[in-house]
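See below for the structure under consideration.
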Amino acid sequence: MSKTGGVVATPHTLSTRAGVQILQAGGNAVDAAIAACAVQGVVAPETCGVGGDLFALVHRPGDTTPLALNASGRAGSGVDAAALRAAGLSEIPRDHPAAVPVPGCVDGWVTLSSRLGRLALADVLAPAVRLAEEGFPASDELVAAFRAGAAELAGVEAARPMLAARRGSAVVRDQLAATLRLVAGDGRAAFYEGAPGRAVSAATGGVITPDDLRRVQADWVEPLSADVWGATGWTVPPNSQGYLGVGGCAVLERLGWADDPADPQAWHLQIEAQRALAAERDDVTVDPGRVPVPLGRLLDPARLDAVAASVDPVAARDRHAPALAAGGTAYLCVVDGEGMGVSLIQSNFHGIGSLVGAGAAGFLLQDRGRGFSLIEGHPGELAPGRRPLHTLAPTLWTRGDRLAMVLGTRGGHVQPQLVQQIAAFVLGAGLDPDEAQARPRWTIEPPVGGTGAPAPSGSRVRIEPDVPARIVDGLRKRGHEVVPVDGPQPGWGPVSLVQVDDAGWRLSARDPRVATTAVATA
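Letter by letter, the sequence shown follows residues 153 to 674 of the working numbering.
Put into C-alpha cells, the structure is as follows:
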C-alpha cells in the first residue's frame, strides 16, 4: 500500500525489483514497466522475451483517455495458407515458420520509451543486461517448462542455458545480453536490421524477410471502452481479445449481478455473461488493418444490452465457443508517484513459444501465428503482413481523469474470464485486492474434442477447490458441466493489479497461485 510512492506488480520478484529500481532512479511508470518487461524476458523465458509481442495501455495524469499501443508482429511475406492446406494441414504447427510473426516487443519498448519515457533506454534496459550477463537463479517454472520441451529444444542454441538449469542454479544468457546491449545502444534498427533480425529471418527460412523486419510493428491505436460500476474500463482493440474482459463486466452490470460466493446464481451470471459475449470472438478478433472489423460495435451499449438480454437467468444456453489457446505470457502493471499508470502484457504464446531459436542472438521466437486460421476466406486467415488473433487482454480503469485500476493476467483464451472475475470483485463488489486474489476461480473451456467448432455447445466450466458443494450442484442444475480441479491453478494467473482508491491509496496484492509473483513499493 502506498499513497505517494509507486507500486510495481509483476510475475517475478526480479522483474518487480527492476521496476522499483528504475522508479527510485527517477524514472516514471513507463520506464519501470519497460525495465520490468525486459527483466521478465531474461529470467522467465517460459513466459515472454524479445522474440514475442507486446500490448500496453498508459494513463497520463489529467487525461480522460489512455494511450493504447499495439506492438504485435505481422506474418512474414513468405507465408502461404493455400500451400499449408494443400499439405493437408488444418492448423499451423507450433514449430512451422508460419507460426512465427515478426517479433513486436522491441518495437514496443522503443515506441513507449521515445514518446513517454523519462530515462534513456540504455539505463532502463541495464538491469536486464546485468542479469543476463551475471546470471540469475532458475525458478521451478523455468526448469519445468524447459524440461518439458527438452527433446524439441535439444539443438536450439538459445535454449542451452535453460536446458542446463536446475532449481536455484545460476543461469547466464550472454548471447541475449549482447542482443539487449545492441538495443540499448542503437534502438530498433540494431535489432530489426542488425544481427538479431538476420537471425530471425534465417530461423524462419526466409519466410520473414529483411523488408518485413524493417517495417515498424508498433502502432498507437484507439482504445475501446465501456462504462461499468461507476468507472470506465479500457482495453486495446482487435487483434486483441481484450474487449471481452471489459465487456463481460458491462454485461454483468446489466444483468443485475451481485456478489455472493455462496449463491449459484451469482456464479451462473458471471459465466454466462462471458460465454454470451465471447461467442463471436474468433470472427472479430482479427487484424482490422487488413479486414473490416466493426470496432465501434464491440462495446457499443446497444450491443451490450442485446448480449445481456440473450442470457437466460436460470439456464446455460448453447453457444459458439472460442478456440482453445494456451498461454505463455507475462502481465505487469506499474503506478508511479505522480499517478501515471501502465498496463503492459508481453508474450511468447505457448510458453517457450515456437521452439525455434534466433540463432546466436540468444532468444526464442513466439508462435503467435498459430492464432491464424487456415480456413479459406476466414477473416483471420493466414496472409502476409497480417496480424493474428491475440489472446493478450490488458485493461486499465479510470474514473473521469483519475486512474482507478490497472489489471491483467496470463492465461491464453481465459485471460478475459479472469479479468472479468477480478474486476467484478474489486469494482463491482468492493473487495480489496487481497480478497479478490484469494477467491476461487473458474474458467470456461471449449467442448471436449473441439476447439472453436462451428456448432454451438453447452457450458463446460472448471472450478478451483474450496467452492461449496451447493455452488457446484446449483451450476449443474442450471445446465453447466462442472469439472472441479485439484488445487489452485498456476495457469489461471498470475493476476497482477494495482487499484487506486478514492483517497489516492495504491492497493495491490500478489497472486498466491504462482510462487515467483511479487508486488513492491518505491
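Idealized CB from N, CA, C, for every residue including glycine.
In this text, all values refer to a predicted model and were calculated from it rather than measured experimentally.
According to DSSP, simplified to helix, strand and coil, what is Gln192? helix
Mapping DSSP to helix, strand and coil, what is Ala605? At Ala605, the pLDDT of 45 sits below 50, so the modelled position is not reliable; the number obtained from the coordinates is stated separately. Three-state result, Ala605: coil.
Residues sharing a beta bridge with Tyr483, DSSP: Ile497
Helix, strand or coil for Val600, going by three-state DSSP, please let me know. With a pLDDT of 41 at Val600, under the threshold of 50, the predicted position of this residue should be treated as unreliable, and no value is reported.
Kindly give me the distance between the Cβ atoms of Arg679 and Pro642, rounded to whole angstroms, as I take these residues to be in contact under 8 Å. Within the shown structure, residues of the chain are numbered from 153 to 674, placing residue 679 beyond reach of any answer.
Since Gly509 sits in a beta bridge, which residues does DSSP pair it with? Leu516
Taking its Cβ as the centre, do 16 or more other Cβ atoms sit within 10 Å of Val600, making it buried, or is it exposed? Residue placement at Val600 is poorly supported in this model, since its pLDDT is 41, which falls under 50; the coordinates still yield a value, given next. Classification for Val600: exposed.
Here's the rule I'm using: 16 or more other beta-carbon atoms within 10 Å means buried, otherwise exposed. How should Thr668 be labelled? buried
Please work out which residues of its chain come closer than 7 Å, Cβ to Cβ, to Ala355, disregarding the five sequence neighbours upstream and downstream, and give them in chain order. Val508, Gly509, Ala510, Gly511, Leu517
Output needed for Ala188: all residues of its chain with C-beta closer than 6 Å, excluding positions within five of it in sequence on either side, in chain order. Thr162, Ser167, Ala170, Gly171, Leu484
Would you say Ala274 and Gly337 are within 8 Å of each other, going by their C-beta atoms? yes
Contact defined as beta carbons within less than 8 Å: I believe Ala482 pairs with Cys200. What is the distance between those atoms, to the nearest angstrom? 4 Å
Report the rounded CA-to-CA distance for Pro313 versus Val281, giving the unit in angstroms. 15 Å
Measuring straight from C-alpha to C-alpha, what distance separates Ala190 and Pro416? 42 Å
Can you tell me whether Ala410 is buried or exposed? The criterion is at least 16 other CB atoms within 10 Å of its CB, across all chains shown. exposed
So Leu396 packs on Arg433, CB below 8 Å; how close in whole Å? 7 Å
In terms of DSSP beta bridges, what is Glu432 paired with? Bridge partners of Glu432: none, in fact.
Let me check understanding here. Comparing Cα to Cα, which of His164, Asn222, Asp215 lies closest to Ala196? His164
Compute the beta-carbon to beta-carbon distance between Gly346 and Leu332, rounded to the nearest angstrom, for a pair I have assumed lies under 8 Å. Incorrect: roughly 12 Å between the Cβ atoms, too far for contact.
Please list, in chain order, all residues of the same chain as Arg551 whose beta carbon is under 7 Å from its beta carbon, the five residues on each side excluded. Gly382, Ala383
Measuring only the C-alpha atoms, how far is Asn180 from Thr217? 19 Å
According to DSSP, which residues form a beta bridge with Gly385? Ala378, Trp549
Proximity of Gly228 and Val254 at Cβ, strictly below 8 Å: yes
Just the Cα atoms here: how many angstroms apart are Thr603 and Asp439? Here the model assigns Thr603 a pLDDT of 38, short of 50, so the residue's position is not dependable, and the following value carries that caveat. Cα to Cα, Thr603 sits roughly 21 Å from Asp439.
Determine the DSSP secondary structure at Thr199, reduced to helix, strand or coil. coil
Exposure of Gly580, with buried meaning 16 or more beta-carbon neighbours within 10 Å: buried
Exposed or buried, which one is Leu496 when buried takes at least 16 other CB atoms within 10 Å? buried
Kindly indicate which residue of Pro453, Val231, Leu534 has the alpha-carbon position closest to the one of Val380. Pro453
Quick one: what's Asp612 bridged to in DSSP? One point to set straight first is that residue 612 is Arg, not Asp, in the sequence displayed. In DSSP, Arg612 forms a bridge with Glu597, Glu633.
Just confirm the distance between the C-beta atoms of Asp247 and Ser499, as a whole number of angstroms; I'd bet it's less than 8 Å. Contact doesn't hold; Cβ gap of about 17 Å is too wide.
Along the chain, where does the beta strand (DSSP E) that runs through Gln641 open and close? Premise fails: Gln641 is in no beta strand (DSSP E) and is neither H nor E.
Mind the definition here: the stretch 363 to 370 touches the stretch 523 to 534 only if three or more C-beta pairs lie below 8 Å; say whether that holds. no
Less than 8 Å between the C-beta atoms of Gly563 and Pro540, yes or no? no
From the DSSP output, in three-state form, read off Leu659 for me. strand
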